[in-house]
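Sequences listed follow chains A and B, in order.
So for the first sequence, our numbering puts the first residue at 142; every next one is plus one.
So for the second sequence, our numbering puts the first residue at 129; every next one is plus one.
Reading through the structure tokens given below for one structure.
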Amino acid sequence: KQEVTQIPAALSVPEGENLVLNCSFTDSAIYNLQWFRQDPGKGLTSLLLIQSSQREQTSGRLNASLDKSSGRSTLYIAASQPGDSATYLCAVPRKYSTLTFGKGTMLLVSP
Amino acid sequence: DARVTQTPRHKVTEMGQEVTMRCQPILGHNTVFWYRQTMMQGLELLAYFRNRAPLDDSGMPKDRFSAEMPDATLATLKIQPSEPRDSAVYFCASGHGQGALIGHQPQHFGDGTRLSIL
Numbered sequence: 142k143q144e145v146t147q148i149p150a151a152l153s154v155p156e157g158e159n160l161v162l163n164c165s166f167t168d169s170a171i172y173n174l175q176w177f178r179q180d181p182g183k184g185l186t187s188l189l190l191i192q193s194s195q196r197e198q199t200s201g202r203l204n205a206s207l208d209k210s211s212g213r214s215t216l217y218i219a220a221s222q223p224g225d226s227a228t229y230l231c232a233v234p235r236k237y238s239t240l241t242f243g244k245g246t247m248l249l250v251s252p
Numbered sequence: 129d130a131r132v133t134q135t136p137r138h139k140v141t142e143m144g145q146e147v148t149m150r151c152q153p154i155l156g157h158n159t160v161f162w163y164r165q166t167m168m169q170g171l172e173l174l175a176y177f178r179n180r181a182p183l184d185d186s187g188m189p190k191d192r193f194s195a196e197m198p199d200a201t202l203a204t205l206k207i208q209p210s211e212p213r214d215s216a217v218y219f220c221a222s223g224h225g226q227g228a229l230i231g232h233q234p235q236h237f238g239d240g241t242r243l244s245i246l
């Protein structure tokens, strides 16, 4: 059974800092890895999707990397802003199967 | 922007009552997912449909939960009878999938129904 772990569970940083969120998974037979953002009282919004054959994916100030062999992914946020405050979740599907989600990292960026 | 719409946004009811949650997927999407989110368990898949047919509902307690898609624009999740342990946020998501690929497609989430069973 696939298990997804995210560390840390919560993170508080001052505005402007670069930060890294971690995601690990137990079964490396994944098809891709997905990062989502969840704002309070809202649903999930897809941020980045890295195919299993890729090493990283970038969108604006966000960069996600994937190391399948070690079962790890990181989400790097550059020059953090208060608007980045949210919960970030990673998820992996095994081939032909549905997504397994981590419990998320709650990020607070203070002005 | 096309959105997944869920109603109601909030529901408080007493134990034993029937609860019905509704979801309008994005027009043209052929796959609909129901998830439950709690602090303890995180986000769990309850059931999903492809072209209105249930593909997997193994994540649902069968004795009290039921999920249907009466038509392509409406998905419903019912709990009868409800219990306090059902208190959670229930999310619907939709996407466009092909063949056997289930979790690979981008999923678009609604804002959820926050359910409290007293």
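By construction, the Cβ of each residue, glycine as well, lies at the ideal position given by its N, Cα and C atoms.
- G224 of chain A carries a helical assignment under DSSP once its states are collapsed to helix, strand and coil.
- When Cβ-Cβ separations below 8 Å define contact, G240 of chain B makes contact with chain A.
- In the three-state reduction of the DSSP assignment, R213 of chain B falls in the helix class, which pools H, G and I.
- In the three-state reduction of the DSSP assignment, K139 of chain B falls in the strand class.
- Within chain B, the C-beta atoms nearer than 9 Å to that of S187 of chain A come from P234, Q235, H236 and F237, in chain order.
- If you draw a 10 Å sphere on the C-beta of L246 of chain B, you find fewer than 16 other C-beta atoms in it, and that means exposed.
- Of all residues in the stretch 151-166 of chain A, none comes within less than 9 Å of chain B when Cβ atoms are compared.
- Straight through space, the alpha carbons of A219 of chain A and Q143 of chain A are spaced by roughly 30 Å.
- Cβ-Cβ separation between I148 of chain A and N173 of chain A: approximately 21 Å, too far for a contact (criterion under 8 Å).
- L249 of chain A sits exposed, since fewer than 16 C-beta atoms from the chains shown fall within 10 Å of its C-beta.
- Ranked by Cα distance from G238 of chain B, the first of B:V160, B:A175, B:T148 and B:Q145 is B:V160.
- Residue environment analysis places P223 of chain A among the exposed positions, since fewer than 16 neighbouring C-beta atoms fall within 10 angstroms of its C-beta.
- Under the three-state reduction of DSSP output, P182 of chain B falls in the strand class.
- The residue among B:Q235, B:P209 and B:R242 with its C-alpha nearest the C-alpha of I154 of chain B is B:Q235.
- Nearest CB-CB separation between K142 of chain A and chain B: not below the 8 Å threshold.
- For the stretch 172-200 of chain B, the residues whose beta carbon sits under 7 Å from a beta carbon of chain A are, in order, L173 and Y176.
- Bridge partners of Q152 of chain B according to DSSP: B:T133.
- Per DSSP, the continuous beta strand (DSSP E) segment holding A203 of chain B begins and ends at L202 to I207.
- Residues of the stretch 215-249 of chain A with a C-beta atom less than 9 Å from some C-beta of chain B are L230, A232, V233, P234, R235, K236, Y237, S238, T239, L240, T241, F242, G243, K244 and G245, listed in chain order.
- Under DSSP, L216 of chain A forms a beta bridge with A:L162 and A:A205.
- At a cut-off of 8 Å between C-beta atoms, K209 of chain A does not count as an interface residue with respect to chain B.
- The beta-carbon separation of Y229 of chain A and L162 of chain A, rounded to 5 Å, stays under the 8 Å limit for a contact.
- The beta carbon of T201 of chain B lies closer than 8 Å to those of Q152, P153 and L155 in the same chain, with the five residues before and after it left out.
- Shown here for A227 of chain A: same chain residues with a beta carbon closer than 7 Å to its own, the five before and five after excluded, namely R178, Q179, D180 and L248 in chain order.
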